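**Q**
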Amino acid sequence: MKLLLTACLAIAAWGQPASMKGSPAARAEFAKGEAALRADDWDGAAAAYGKAVALDPEFFEAHQQYYFTSASGKNYDNLPKRKKFEASYLSWARQHPDKAVYRFILGLFYQYENPDLAARYFAESVKVDATFAPGWDALAFTAAGQGQLAESREYDRKAMEAWSESAHYAMLYVRSMSTGDFGKFRDAAIEYSTRFPDQAAGILQWVAARAPSLHQSQEIYEILRDKHLPAAAGKLEPLFQIYLREDAAKALNLARGILQHVPGNPQWISLARYAQAIARMADAGALAMLDTVTLPPETDRRMLEVARAKARDALGATRAAYVDLLKYFVASPSDEARAELLALGAKLSKRAAQIDGDVLALRRQASKPGIRFSTTRFTGGTPISLASQKGKVFLLSFWYPMCGPCRVEFPFLQAVLEKYRARGFEIVAVNGHPPEDAWVTPMMAGWRLDFITAHGTAEFLKAYAVHSFPSNFLYGADGRIYYLPRTVDTLDARRELELQIEALLP
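The numbering used here runs 36 ahead of the 1-based position in the sequence shown.
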């Protein structure tokens with residue numbers, strides 16, 4: 037948890053001014069630190085980075101790595117080392133009132149234990165030096181954590197202008213627009229991709245994944261395909277999946293086209309074989325070919341499972357096809373799998389209600405007992421517990437304001453809540469980092485979120501074995517856990533969550 041928060045605020049040293057890139061002597065020590073870190077020698081790395089900082093106090097990247105190896109990462113819980121590091125930077129900040137970097141590093145140091153103090157140090161860093169882009173960006177991140185979205189965008193704009201040649205800070209400014217109008221967000225990303233073509237694939241893929249509709253997502257992915265191959269080859273699988281669901285031949289053509297740009301690429305060789313097998317679904321050898329398809333664990337398998345069911349059905353094994361697809365659908369519901377499940381059920385003389393009964397029975401069998409909790413809401417301080425939620429379908433979501441991946445989920449989760457609230461669905465959002473309690477209510481207001489917010493404790497997180505954020509648990513009205521939804525950060529993940537919820541609502 038502590039390491040994740042550090043990762044959320046870590047600032048890459050891309051595009052910094054020449055004066056902050058280190059003297060030759062400092063860079064030589066920095067290289068020693070990098071080699072020691074690769075060898076897992078944290079003490080040696082910290083010593084080398086410290087020498088680099090001493091040789092050139094302006095060397096920004098050395099400060100970052102000195103902090104990481106001395107007071108974060110593996111040494112986060114090493115109190116003596118943290119105290120020594122803290123004392124050094126407090127002393128240096130007093131000795132160098134004109135150096136923003138010392139205050140910025142102190143902000144990083146305090147970000148987990150005292151986020152309000154961290155925000156004050158970030159503010160001091162840009163007061164000392166208004167051209168210090170990392171300070172502005174850290175302020176942008178903390179402002180968003182407090183629900184101040186307009187201020188956050190303004191800080192990101194200042195970071196971009198401060199280091200005007202930095203693709204990194206320009207990208208962060210574009211990303212900050214994702215909480216506003218999608219058209220402006222998309223146009224800014226396209227403009228960015230023209231200015232920084234080497235980074236175009238990354239920003240356009242990020243925009244496509246956060247589009248409010250599948251059509252808009254497809255448009256962005258097609259820009260990636262048409263203008264940014266081969267750099268975009270590793271980011272176009274979502275477009276392949278969109279095509280595969282409408283026409284396997286179209287998906288196959290995409291895979292073959294990309295392989296012309298990246299011949300021998302194992303990802304696209306596998307996807308091309310996948311599409312070819314789906315396209316041959318009615319062929320006598322389709323099932324044998326489908327059974328040879330191997331996909332990485334994270335690849336969307338829905339069309340493969342649907343195709344296998346169709347092929348087994350064509351060979352007369354309808355009941356086996358139905359049983360296998362039923363198991364898949366219960367674990368990973370999708371519209372395509374449900375449609376085929378209904379078709380197979382009809383061939384077995386099953387009515388829709390009977391099929392739903394089969395799904396419910398298997399889903400209940402796979403569910404887990406609820407885990408008791410008792411805490412209080414942020415609004416009004418009223419109690420909330422597993423017992424008080426009995427009879428309700430709700431998503432128990434563990435998050436905290438400074439969690440970047442949690443923020444990505446927010447628009448998707450809010451859309452799901454608005455869709456099913458009238459049918460009794462709720463989201464209970466548990467803040468997993470109590471030092472940020474004061475930020476929770478203003479963040480909900482600034483982001484226009486209607487979640488029920490609840491206090492988290494170490495015992496609460498331990499009971500649910502929460503080790504990363506966000507972590508989601510979908511409860512049925514009977515108080516049992518039916519799903520552990522993946523991070524809801526794409527349209528596909530949102531639709532899967534919707535189907536999980538629909539299965540549990542009356």
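Built from N, CA and C at the ideal position, the CB exists for glycine as well. Because the structure is a prediction, the values reported are computed rather than measured.
Among residues of its own chain, excluding the 5 on either side of L380, which ones have a beta-carbon nearer than 7 angstroms to its beta-carbon?
**A** Taking the sequence shown and counting its residues from 1, the one referred to as residue 380 is at position 344. Closer than 7 angstroms at the Cβ level, and outside the excluded window around L380, lie A345, D349, T354, A357, Y358, L361.
**Q** Which ranges would you report for the alpha helix (DSSP H) in the region 218 to 276 if only whole runs of at least 4 residues count?
**A** Complete alpha helix (DSSP H) runs here, min 4: 218 to 231, 236 to 245, 250 to 263.
**Q** Alpha carbon to alpha carbon, how far is K363 from L533?
**A** Numbered from its first residue, the sequence shown carries residue 363 at position 327. Numbered from its first residue, the sequence shown carries residue 533 at position 497. About 17 angstroms.
**Q** Report the option in F96, A195, E149, Y310 whose CA atom is closest to the CA atom of L208.
**A** Locating residue 208 in the sequence shown gives position 172, where the first residue counts as 1. Out of F96, A195, E149, Y310, A195 has the C-alpha closest to the C-alpha of L208.
**Q** Would you call the CB atoms of V140 and G171 closer than 8 angstroms?
**A** One-based indexing of the sequence shown puts residue 140 at position 104. One-based indexing of the sequence shown puts residue 171 at position 135. The displayed chain sequence assigns Phe, not Val, to residue 140. Their beta carbons are under 8 angstroms apart, which means F140 touches G171 by this criterion.
**Q** Quick one, are the C-beta atoms of A107 and A62 less than 8 angstroms apart?
**A** Mapped onto the sequence shown, residue 107 falls at position 71. Mapped onto the sequence shown, residue 62 falls at position 26. Their beta carbons are not under 8 angstroms apart, which means A107 does not touch A62 by this criterion.
**Q** Taking the alpha carbon of R246 as the point to measure from, which residue in I226, R211, Y228 has its own alpha carbon closest?
**A** Taking the sequence shown and counting its residues from 1, one reaches residue 246 at position 210. The residue with the shortest Cα to Cα distance from R246 is R211.
**Q** When DSSP labels each residue in this structure, what does Y112 get in the three-state scheme?
**A** Along the sequence shown, read from residue 1 onward, the residue named residue 112 stands at position 76. Three-state DSSP puts Y112 in coil, outside helix and strand.
**Q** In chain order, what residues of the same chain have a beta carbon less than 7 angstroms from the beta carbon of S214, not counting five sequence neighbours either side?
**A** Locating residue 214 in the sequence shown gives position 178, where the first residue counts as 1. Excluding residues within five positions, the ones whose Cβ falls inside 7 angstroms are F221, R246.
**Q** Rounded to whole angstroms, what's the CA-CA distance from A570 to A501? Just pull it up for me.
**A** Outside the displayed span of the chain (37 to 542) sits residue 570, for which this structure offers no information.
**Q** Suppose the cutoff is 7 angstroms on Cβ atoms and the five residues either side in sequence are ignored; what does the same chain contact list for A311 look like?
**A** Here residue 311 is taken as the residue at index 275 of the sequence shown, counted from 1. Closer than 7 angstroms at Cβ, skipping near neighbours: L280, A284, A287, L288, A291.
**Q** What does the Cβ neighbour count give for P299, buried or exposed, with the cut at 16 atoms within 10 Å?
**A** Here residue 299 refers to the residue found at position 263 of the sequence shown. Its Cβ having fewer than 16 others within 10 Å, P299 is exposed.
**Q** Who are the near neighbours of A184 in its chain, counting only those whose CB is closer than 7 angstroms to its CB and skipping five residues on each side?
**A** Position 148 of the sequence shown holds residue 184. The sequence shown places Gln at residue 184, not Ala. G482, listed in sequence order.
**Q** L137 to F96, Cα distance in whole Å?
**A** Start at 1 with the first residue of the sequence shown, and residue 137 comes out as number 101. Start at 1 with the first residue of the sequence shown, and residue 96 comes out as number 60. According to the sequence as given, residue 137 is Val; it is not Leu. Roughly 7 angstroms between the two C-alpha positions.
**Q** Please classify L351 as buried or exposed, where buried requires at least 16 other C-beta atoms within 10 Å of its C-beta.
**A** Translated into the one-based positions of the sequence shown, residue 351 becomes position 315. Looking at its Cβ environment, which holds fewer than 16 other Cβ atoms inside 10 Å, L351 is exposed.
**Q** In angstroms with no decimal places, state the Cα-to-Cα distance between R522 and L250.
**A** Numbered from its first residue, the sequence shown carries residue 522 at position 486. Numbered from its first residue, the sequence shown carries residue 250 at position 214. Each residue's alpha carbon lies about 19 angstroms from the other.
**Q** May I ask you to list the residues that DSSP assigns as paired with I488?
**A** Position 452 of the sequence shown, counted from the start, is the residue given in the question as residue 488. Bridge partners of I488: V464.
**Q** Secondary structure at K455, three-state DSSP: helix, strand or coil?
**A** Stepping through the sequence shown from its first residue, residue 455 is reached at position 419. The answer is helix: DSSP assigns K455 an H, G or I state.
**Q** Count the other CB atoms, across all protein chains shown, that sit within 10 Å of the CB of D525; report buried if there are 16 or more and exposed otherwise.
**A** Looking up residue 525 in the sequence shown gives position 489. Answer is buried; the Cβ neighbour count reaches 16.
**Q** Please specify which runs of the beta strand (DSSP E), each continuous and at least 3 residues long, are wholly inside the region 318 to 393, giving them in chain order.
**A** Runs of the beta strand (DSSP E) inside the region 318 to 393: none found.
**Q** Residues in the same chain with beta-carbon distance under 7 angstroms from A72, minus the five sequence neighbours each way, listed in chain order, please.
**A** Counted from its first residue, the sequence shown places residue 72 at position 36. Only G80, A81, A84 meet the Cβ criterion.
**Q** Beta carbon of P506, beta carbon of S433: below 8 angstroms?
**A** Residue numbering aside, residue 506 sits at position 470 when the sequence shown is read from its first letter. Residue numbering aside, residue 433 sits at position 397 when the sequence shown is read from its first letter. Contact flag set, yes.
**Q** Is there contact here, the region 457 to 472 with the region 391 to 408, by at least three beta-carbon pairs under 8 angstroms?
**A** No, because fewer than three Cβ pairs between the region 457 to 472 and the region 391 to 408 fall closer than 8 angstroms, the two stretches do not touch.
**Q** Got a sec? Which residues, its chain only, sit under 7 angstroms from A129 by beta carbon, not counting five neighbours each side?
**A** For the purposes of this step, residue 129 is identified with residue 93 of the sequence shown, where counting begins at 1. Correct list, in chain order: Y138, R139, L142.
**Q** If the criterion is Cβ atoms closer than 8 angstroms, does the pair P471 and P151 meet it?
**A** For this step, residue 471 is matched to residue 435 along the sequence shown. For this step, residue 151 is matched to residue 115 along the sequence shown. Result yes, Cβ atoms of P471 and P151 sit closer than 8 angstroms.
**Q** My guess is that L384 and F365 are in contact by the Cβ rule of under 8 angstroms, so how many angstroms apart are they, rounded?
**A** For the purposes of this step, residue 384 is identified with residue 348 of the sequence shown, where counting begins at 1. For the purposes of this step, residue 365 is identified with residue 329 of the sequence shown, where counting begins at 1. Going by Cβ atoms, the distance from L384 to F365 rounds to 15 angstroms, so no, they are not a contact pair.
**Q** Given that a residue counts as buried once 16 or more other Cβ atoms are within 10 Å of its Cβ, and exposed if not, what is K163?
**A** Along the sequence shown, one-based indexing puts residue 163 at 127. Exposed, by the Cβ-count rule.
**Q** Taking the beta strand (DSSP E) that L431 falls in, what are its first and last residues?
**A** By 1-based counting over the sequence shown, the position of residue 431 is 395. Counting along the chain, the beta strand (DSSP E) containing L431 begins and ends at 430 to 435.
**Q** Going by CA-CA distance only, name the one from T105, A90, S200, H264 that's closest to R74.
**A** Your numbering for residue 74 matches position 38 in the sequence shown. The shortest Cα separation from R74 among T105, A90, S200, H264 belongs to T105.
**Q** In three-state terms, what does DSSP make of R189?
**A** Locating residue 189 in the sequence shown gives position 153, counting from the first residue. Correct three-state label for R189: helix.
**Q** From R156, Q235, A373, pick the residue whose C-alpha is nearest to that of R531; which is it?
**A** Here residue 531 corresponds to residue number 495 of the sequence shown, with the count starting at 1. Per the Cα distances, A373.
**Q** Name the residue from V89, F121, A169, E160 whose alpha carbon lies nearest to the alpha carbon of Q52.
**A** Start at 1 with the first residue of the sequence shown, and residue 52 comes out as number 16. Nearest C-alpha to Q52: A169.
**Q** Pick helix, strand or coil for M37, following the three-state DSSP scheme.
**A** Translated into the one-based positions of the sequence shown, residue 37 becomes position 1. In this predicted model, M37 has a pLDDT of only 43, less than 50, meaning its place in the structure is not dependable enough to derive any value.
**Q** By DSSP, does S212 sit in helix, in strand, or in coil?
**A** As a first step, residue 212 is located in the sequence shown; it is residue number 176 there, counting from the start. If DSSP states are grouped into helix, strand and coil, S212 belongs with the helices.
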